[in-house]
Every structure is written in structure tokens, then in C-alpha cells.
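The structure appears below as C-alpha cells.
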Amino acid sequence: MDFSLQKRSVEIEDTSVLLALLGPQNEYLKVLADQLKMQVASRGNAILLGGTDECVSLAERVLLEMSTLLRQGVTVTAGDYVRSIQQLRDPQGPGLASSPHSDDVILPARRRAVTPKGPAQHAYIHAIRTFDLVFGIGPAGTGKTYLAMAMAVHFLLEKRVKRIVLARPAVEAGEKLGFLPGDLAEKVNPYLRPLYDALHDMMEFERAQALLCRGQIEVAPLAFMRGRTLNDSFVILDEAQNTTREQMKMFLTRLGSGSRAVVTGDVTQVDLPSGVVSGLADARKVLAGVDEIEFCEFRDIDVVRHPLVQKIVVAYERNAKN
């Protein structure tokens with residue numbers, strides 16, 4: 317390995333932490349090298365870094381941050397490396413490991429602990445804990461719905477609410493689905509599938525089904541909310557960019573005593589008919605001055621899906637500006 321510029325080694329004494337840092341077949345080191353355009357290799361208990369002084373210093377900070385997360389019991393991914401690099405490029409950025417993750421673990425999911433990743437998700441979780449009404453607005457893949465669902469399950473299991481209500485507008489995403497067979501529940505079920513998927517990732521299928529059967533968890537299209545008062549509930553409105561102004565007002569006025577709500581959506585992906593104002597975009601303007609309501613904004617840097625998704629989001633945003 318040719319270290320023609322700067323070279324440095326990061327010693328990791330804990331073998332389990334070292335192996336987790338490297339990733340399967342050194343995949344995470346390849347991500348580090350590709351993102352920073354430098355050379356990275358492992359030798360014994362050391363990770364060797366070669367490149368410009370700026371890149372080597374940044375890579376060292378990333379590795380130390382990932383080590384901290386791993387020692388706290390947090391599972392890291394290739395996407396965490398990408399986000400860490402982006403956030404640490406800002407000298408004032410807090411980084412992924414800035415907050416004590418032991419306080420941020422929401423609940424043990426079936427396969428891993430669910431924890432916020434990055435400053436935006438930390439702020440989002442803090443807002444949900446603090447405010448009765450939170451708006452999570454930003455591009456797909458930033459964890460808005462997933463973390464809201466995790467907090468809802470956490471509140472239910474802690475008996476801080478009596479039930480979870482999950483709502484979504486039944487709007488076709490640019491496709492003409494035509495006639496759908498079956499009863500009303502079977503007709504709207506395809507629109508609600510993402511909410512079921514997130515729920516089943518939070519708890520065992522059998523337990524989720526039992527809670528659904530008892531009515532402690534309800535998944536319904538937004539239209540079913542009209543005329544109701546939701547007491548002692550954790551309510552999530554997903555894909556809220558596809559609500560009209562009237563539907564958004566209707567939903568927000570359903571909240572009863574002891575309830576809280578999280579509204580999520582992406583104002584750049586509105587599937588409403590041309591000329592119809594998005595209820596989410598309208599609410600952001602109308603409710604901006606209400607102290608008891610918190611708006612959490614996510615950016616492309618906060619995308620937590622496959623690293624390629626972040627590049628796709630950026631590419632579409634760049635194209636929209638041209």
C-alpha cells in the first residue's frame with residue numbers, strides 16, 4: 317500500500333469492535349476510501365489510512381465515532397459511514413455519536429435496537445417526546461415514519477397511551493389502479509401497506525396482530541377519521557403531502573385529551589390533482605407561529621436508506637432547480 321501523502325494508523329484493541337468497523341469483507345473500509353478518495357487498509361489490530369492530511373484526519377474521526385457507537389451497542393452500516401463523513405465535514409457538526417445513545421434507544425425491535433441516526437433524527441425524537449404535535453417534513457428515506465412508529469409502539473408498551481392510530485390518505489401515486497375487488501377494507505389496504513410493514517418491523521407479527529384485533533392498534537385511511545375524537549392515542553398521519561387543506565384541518569382537530577400526533581410527509585412528492593394545495597405545505601405556513609407545535613425538517617444528508625438513495629434525491633432536487 318503506497319502512502320505517498322500522509323499516513324496514520326488507528327489502533328482498535330477490541331477485536332469485536334474492529335471486525336464490526338471493517339464490515340463484511342472490509343466493505344466499510346471500501347466505503348471510507350471511496351467517499352474520501354484515499355487509501356484504507358487493515359493490518360492486525362490497526363486500520364491504516366493514507367491520503368491528504370484533511371482526508372486522513374476526517375477518516376480517523378469517522379472511525380473513532382463509529383467505534384464509540386459500536387461500544388454503545390449500536391449497529392452501524394455503510395450508510396452510517398457516509399452520513400458521518402458528511403456531517404463531520406462541518407467543523408461545528410455534532411456527528412452521529414454526539415448524543416448519549418443509551419438514552420436514545422427507543423425499544424428493542426426483533427433484530428436490533430431502534431435508535432436515531434444523526435442530528436436531525438435526534439432532534440425529531442426529542443420533539444416527539446416534548447410536543448403533542450410534531451411535523452416531520454423531508455425526502456423519502458430519512459426515517460420520518462419509521463421513528464414515529466417506533467415512538468408510538470414505545471408509548472403504547474409504556475402505557476402512556478391506550479392505542480395507536482395510523483392514518484394515510486388513499487391517493488394514487490400517479491398510477492391509475494382502476495377497479496379494485498373486495499370489500500372496503502381490502503380496497504384501501506394497498507395504500508396502508510407501508511404502515512403495516514413498519515409496524516411488523518417493530519414487534520413480532522403475532523403480537524402486532526393481537527393488538528390490531530383488540531383495537532389497540534388501528535390502521536385506517538384518513539377519510540375514516542372524520543367525526544371522531546381520539547383520546548389517549550398516539551396518532552400518525554403518513555404521506556401527509558397528499559392531504560388537502562380541508563383534510564389536514566379535519567385530521568388535526570381530531571386530537572382529544574391525552575393524545576399526541578406526528579404528521580410526516582415530503583412536500584416535493586405531492587400526488588394531488590393539479591391546482592390542489594397540499595395540506596402539509598399549507599399547515600407549515602399556517603401553524604408556523606404556534607409554540608406548542610414543532611416542525612422538524614429533514615434534508616438529503618439525513619437519508620438512511622441505501623447510500624445511492626441520497627444521491628438520487630440530490631439529483632432530482634438539482635434537476636428541479638434547472
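For what it's worth, this note's numbering labels the leading residue of the sequence shown as 317, then goes sequentially. Built from N, CA and C at the ideal position, the CB exists for glycine as well.
Short Cβ contact (8 Å threshold) for residue i with residue j
| i | j | result |
| --- | --- | --- |
| residue 549 | residue 480 | yes |
| residue 333 | residue 386 | yes |
| residue 477 | residue 511 | no |
| residue 541 | residue 570 | yes |
| residue 365 | residue 372 | yes |
| residue 629 | residue 620 | no |
| residue 383 | residue 337 | yes |
| residue 453 | residue 551 | no |
| residue 599 | residue 566 | no |
| residue 592 | residue 464 | no |
| residue 352 | residue 339 | no |
DSSP beta-bridge partners of residue i
| i | result |
| --- | --- |
| residue 451 | 579, 611 |
| residue 364 | 325, 357 |
| residue 550 | 480, 576 |
| residue 534 | 481 |
| residue 571 | 546 |
Supposed contact pair residue j and residue i - C-beta distance, whole angstroms, cut 8 Å
| i | j | result |
| --- | --- | --- |
| residue 508 | residue 537 | 7 Å |
| residue 586 | residue 594 | 5 Å |
| residue 443 | residue 450 | 5 Å |
| residue 580 | residue 461 | 5 Å |
| residue 457 | residue 437 | Wrong, their Cβ atoms sit about 12 Å apart, outside the cutoff. |
| residue 515 | residue 557 | Not really, about 21 Å apart at Cβ, beyond 8 Å. |
Simplified DSSP state of residue i, which is helix, strand or coil
| i | result |
| --- | --- |
| residue 338 | helix |
| residue 490 | Model confidence at residue 490 stands at a pLDDT of 43, short of 50, so the residue's coordinates are unreliable; what they give is reported in the following sentence. Three-state result, residue 490: coil. |
| residue 510 | helix |
| residue 435 | helix |
| residue 599 | helix |
| residue 392 | coil |
| residue 385 | helix |
| residue 560 | strand |
| residue 618 | helix |
| residue 349 | helix |
| residue 594 | strand |
Chain-order list of residues whose beta-carbon lies under 7 Å from that of residue i (same chain, five-residue window excluded)
| i | result |
| --- | --- |
| residue 348 | 356, 375, 378, 397 |
| residue 327 | 361, 362 |
| residue 341 | none |
Close beta carbons around residue i, own chain, < 6 Å, minus the five adjacent residues each side
| i | result |
| --- | --- |
| residue 519 | none |
| residue 472 | 480 |
| residue 637 | none |
| residue 527 | 533 |
8 Å Cβ shell around residue i - same chain, five flanking residues per side excluded
| i | result |
| --- | --- |
| residue 447 | 576, 608, 609, 610 |
| residue 604 | 611 |
| residue 405 | 374 |
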